Each structure stands twice: as structure tokens, then as C-alpha cells.
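Step one of this worksheet: look at the structure below.
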Amino acid sequence: MCNALVAVVCLGLLASCASTNIDEYRTATTPLKLEHSEQMVVLGRRDAGHYETGVDFSNCVGKVMSANSSLKVMPELEFIDAFYPWFEPRVAPKNLARLKRLLQEPALNNKLNEMNVRYMVWLDGETHTVDSSGSMGCSIGPGGAGCFGFSSWDDESTYEAIVWDLNTFKEKGRVSVDSVGTSYVVGVVIPLPFIARVQNEACIGMGKQVKAFFDAEVD
Amino acid sequence: MRLPALLLQRERRRQGLQYQGKMMTSNVLARQLIGARSLVLLVVMSLGACGSTTLTVTGSYPAPLTSPLPLTATVLLDPAFRDYIATPSDDINMKIGAAQTRMMEQVLGQRFTSLTLVTSQPEVIDTDILLVASVAGVQIGTPGETHLGIYEVWIKYNLEISDSSNRLIAKWFMPAYGKTPSAFMTSEAKAIDTAAQVALRDAGVRLITDFHRIPAFHYWLDQREQGFSTAPEIVAPAAAPDIAPNAKENNDV
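Just so you know, the protein sequences line up as chains A and B, in that order. My numbering applies: residue 1 is where the first sequence begins, and numbers increase by one. My numbering applies: residue 1001 is where the second sequence begins, and numbers increase by one.
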């Protein structure tokens, strides 16, 4: 019984991993420069009707990009509040031409210059469950409680990042990330979850790849 | 497992001192007590999960980044608006009055050069326009209904704009929309609160980007900037010229 439990745990740990594919496109091979006083912002797209890029994912990518580097990444909510209402889902610019027109509003242009935001990284995508199987039953009674069964589900994270240069109003590159993984819950009296951290893997992959676009010295 | 001695004594007296010719041990008594109480607790918890949900919409609403319209405004937000409780379904009550009042104050404060807030109809309007806001309706959509994995909130506002003579310039039905994805371990109340905050922020967007585009208001603003004193005819047409006292003055434009 003990050996069987150990075998199940080992199998679960090996199986609940995520695999990630990353593609990138750059307009230039030289790294992008970010001056010491300049900063960037990572924003999520939320205009689609049936999904949105979570704030947790944007913040995660921002943290990965700013970790151990000189890159200054402004928190998304702080940026959206500072520029309210121009980056709300209803009116957020979908392309650089629209952004350029928005910046004709003097208040907006002055604020952008004041905050010295040089690059915008737009994230678009979501993490969702594509398949699930199995079942788990739990019961409680005078004699005790327990869960029995086995269930699994597959998660998929698909995201794309686009880097905008606000000085030249040019797109500097794109990164796309696809991450899949299977999670399990094994019920052997107590439920043993083995969760594949698919969104986290996508975040780390995306953050590191976008960070590689920039000439970021290690702090 | 051991229970306090007093509890065991009481239980022994209740069940009798003998069971199948043997004295009941403390462990057997303990298991029976725990089992009965667990069952009662389970039933109470199950019943507690039913019933209606009341939530208060929270959130902070930033001041917008915009150039104000060249107007002074009085905004009437009556107690019905400030204390508004929406009932989009039989089992959900949403207290959005305080949050929408905060949003209106913040956004309209930047939309006009000067803003006066009142809670009842003023006798004299000493600003360029009077704006009266009311809630026309609130609706929600949940994943259980739409199968989309998101919570949605629609809020519809009715804004009446009058000039300083209390003549109606325009009536504007302004819908606002907010959504948030459902997330593991997030309660329905929290998700609806978040979606409502997004909807209120969207209402702020509409006030900044679309307010000056309301056709009748845009015409009035245009006429005012050109120095004319007419309000557009948005009510029933005026009566015959010899009845309307101001008809000749208006036709001098």
C-alpha cells in the first residue's frame, strides 16, 4: 500500500508539468535601449467579449521582466488609473495610429511625457481548460470522511505580446507563447492534487523572451 | 478521543447505563456524540448556503485626464440615486449607490469647468446646465446562465440635461458594461462586485468620450458658442405663432 502511494505521488509529480512553445519576431537584431529615467508598461487586452487577459498575468510578466535587471516596469493598474479613461477596454488604442491620435489630447500627451513611458507591451490571450475527465467523490459520515476517485484536466495558455515604441510610434516586435499541461487529483482518502502551473509557465516564458528584446543590465 | 467527564456522565444517564449487557465505553459514546453533532452541523451549513446575496459595490474611481467643456454645471444626484440598490435577480441585491455617486462626482468634476452637486431640484439654476442622473436599470450575467466563464454587469443611466432656464436640452440613455472572468476560489459576490466596478468605470468613459456628442446637446453647445440663445426643439412642436409668446424672438436668429 505504501509503495503504491509513493508510486502514485511520483507519477503525479512527473505528469503535472507544462510544456511551453515560444515564438518571436523582431524588427531589429540590436537590443532596445531604455534610458535610466525611462520606464515601460505591460498592459492586457480586455475588449473581447468572451475572454480577457487577466491583470494577474500582466503583473506576472512585468515582475519577470523587472527581476534582476535595470528595466523599470510600471504596474498596469497604476498606469490605467493615471491615464483614465483612455486605456479602459472600450477606448484603449488597438493600433499605433489610434494611439498617435489619442496623444493629440494635450492632457494625455503631457502626462505621458511627465511619466516618461517609452515602451508599451500589450498582452492578448487567456488560459482556459480544454478538456477534463474522471470523477471524484467525497463523503462524510459518523465513522469518518474521505475522497475517492481520479480526475484530470488539461489547461492551455495562449498569449501574444506586442512591443510599441512611443518615441517613434513603431512596433518593435512580437512574442507568442503556447503552454499546455495536465493537472490531476487523486483521491486516496485525502485528495492529492498535482497541479500543472500552465499560466505561470507561460508568464515566465513570455517575460523572459520580451526582456531579451531590451538591453537590460543586471542590477 | 476523550470528552469532558461531565458530558460523558450526562450521555450515559440519557442512554442508560447498559448496552447489550455491557457498560458503554467513553470512546463509543464520544463517536456517537460527534456523529450526531456533525450531522446537525452539515444540515445547518447546507441550509445556510441558500438565500439571497447582498453585496456592496466598492472601488475607487480616478479623476479623468481630459480638457473640460467650457460650461458650468449643476448635477442633481438625489437620495434615490445615492442609496440605489439594484435587484437584477431574485437572489442578488447590489448596493451601488455610494460607488456610482463617487464615480459621477469624480468624472463630472473634470468634465466641466465648475461643478455644483445638489441632492434636490434647485429653485434657481445659476450654472449653464442642470444635469439630472437616474438609474434606468441593472442586469447581470453569470457563467451558469451564459456558459461563457465570465460575470457581466450592465448598468443603464438616464441623464437629463437642461439649460439655466430649466428647458430640457437632451435626454440621454447611457448604457455601461463591465465583465470579469470567473476564477477558482472566487465567490460570486466578489466577481459581481468586480464586474460592477468595471461597469462604473465604463460609465465614466462614456461621460468623457460621448457626452459632448449627444446630438441635441451638441447642437445646443454649437448654438451657444455662436451666441444664439435657443434650445433645440426636442419636445412637442410649438403652437401657432400668435399663441407662443417667444416665437418672434426665436425667429430673429
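Glycine included, each C-beta is placed from N, C-alpha and C at the ideal position. Note that the structure is a prediction, hence the values are computed from the model and not measured.
So which of 96(A), 121(A), 209(A) and 45(A) has the shortest CA-CA distance to residue 74(A)?
Of the listed residues, the one whose Cα sits closest to residue 74(A) is 121(A).
Please tell me whether residue 1024(B) has its Cβ less than 7 Å away from any Cβ of chain A.
Any reading at residue 1024(B) needs caution, since the residue's pLDDT is 48, under 50, leaving its predicted position unreliable; the model's value is listed next. Chain A places no beta carbon closer than 7 Å to that of residue 1024(B), leaving this residue out of the contacts.
Alpha carbon to alpha carbon, what distance is there between residue 1138(B) and residue 1225(B)?
Those two C-alpha atoms are separated by around 36 Å.
So what does DSSP say about residue 170(A), is it helix, strand or coil?
In this structure, residue 170(A) counts as strand in the three-state DSSP scheme.
Should the segment 66-86 of chain A be regarded as contacting the segment 147-162 of chain A, the criterion being three or more beta carbon pairs within less than 8 Å?
Contact fails between the segment 66-86 of chain A and the segment 147-162 of chain A, because fewer than three Cβ pairs, one in each stretch, are under 8 Å apart.
Using a beta-carbon distance cut-off of less than 8 Å, what residues from the segment 98-122 of chain A approach chain B?
Listed in sequence order: 105, 106, 107, 108 and 111.
From the DSSP output, read off the bridge partner residues of residue 1158(B).
Paired residues: 1134(B) and 1173(B).
Name the residues in the segment 1201-1224 of chain B whose C-beta lies less than 7 Å from a C-beta of chain A; which are they?
Residues 1201, 1202, 1204, 1205, 1208 and 1209.
Is residue 40(A) buried or exposed, if buried means 16 or more other CB atoms sit within 10 Å of its CB?
By the neighbour-count criterion, in which 16 or more other beta carbons inside 10 Å mark a residue as buried, residue 40(A) falls on the buried side.
List, in order along the chain, the chain B residues whose C-beta lies closer than 7 Å to that of residue 86(A)?
Within chain B, the residues near residue 86(A) are 1065.
The beta strand (DSSP E) with residue 70(A) in it runs from where to where?
Per DSSP, residue 70(A) lies in no beta strand (DSSP E) segment and is marked neither H nor E.
Starting from the Cα of residue 181(A), find the closest Cα among 191(A), 146(A) and 199(A) and give me that residue.
Looking at the Cα atoms, 199(A) is the closest of the given residues.
On a Cα-Cα basis, can you pick out the residue from 1090(B), 1133(B), 1062(B) and 1066(B) that is closest to residue 1080(B)?
Checking every option, the nearest Cα to that of residue 1080(B) belongs to 1133(B).
So, residue 1053(B) versus residue 1189(B), is the Cβ gap smaller than 7 Å?
Yes, the pair counts as a contact, with Cβ atoms nearer than the cut-off.
How about residue 1057(B) and residue 1096(B): are their beta carbons less than 7 Å apart?
It is a contact, given that the beta carbons lie within the stated cut-off.
Is the segment 1066-1082 of chain B touching the segment 1109-1119 of chain B, taking contact as three or more C-beta pairs under 8 Å?
The answer is yes - the segment 1109-1119 of chain B touches the segment 1066-1082 of chain B, with three or more Cβ pairs under 8 Å.
Chain-ordered chain A contacts of residue 1148(B) [CB-CB under 7 Å]
Residues of chain A whose Cβ lies closer than 7 Å to the Cβ of residue 1148(B) are, in chain order, 50.
Quick one: what's got a C-beta closer than 6 Å to residue 139(A)'s C-beta in the same chain, skipping five residues either side?
Nothing listed; no residue qualifies.
Go to residue 1101(B), then tell me how far its alpha helix (DSSP H) extends in each direction, as first and last residue.
Bounds of the alpha helix (DSSP H) holding residue 1101(B) are 1097-1111.
Find out if the Cβ-Cβ distance for the pair residue 1202(B), residue 90(A) is shorter than 7 Å.
Yes, the Cβ-Cβ distance between residue 1202(B) and residue 90(A) is below 7 Å.
Between the segment 207-216 of chain A and the segment 171-178 of chain A, do three or more beta carbon pairs fall short of 8 Å?
The segment 207-216 of chain A, when compared against the segment 171-178 of chain A, does touch it at the 8 Å Cβ threshold.
Going by the C-beta, is residue 125(A) closer than 6 Å to any heavy atom of the ligand ADP?
In terms of ligand content, the structure shown is empty, and the ligand ADP therefore cannot be addressed.
The alpha helix (DSSP H) enclosing residue 198(A), as first and last residue numbers
Run containing residue 198(A): 198-211, per the alpha helix (DSSP H) assignment.
Three-pair Cβ contact test at 8 Å for the segment 1212-1221 of chain B versus the segment 1164-1171 of chain B:
When C-beta atoms of the segment 1212-1221 of chain B are compared with those of the segment 1164-1171 of chain B, three or more pairs fall below 8 Å, so the two segments count as touching.
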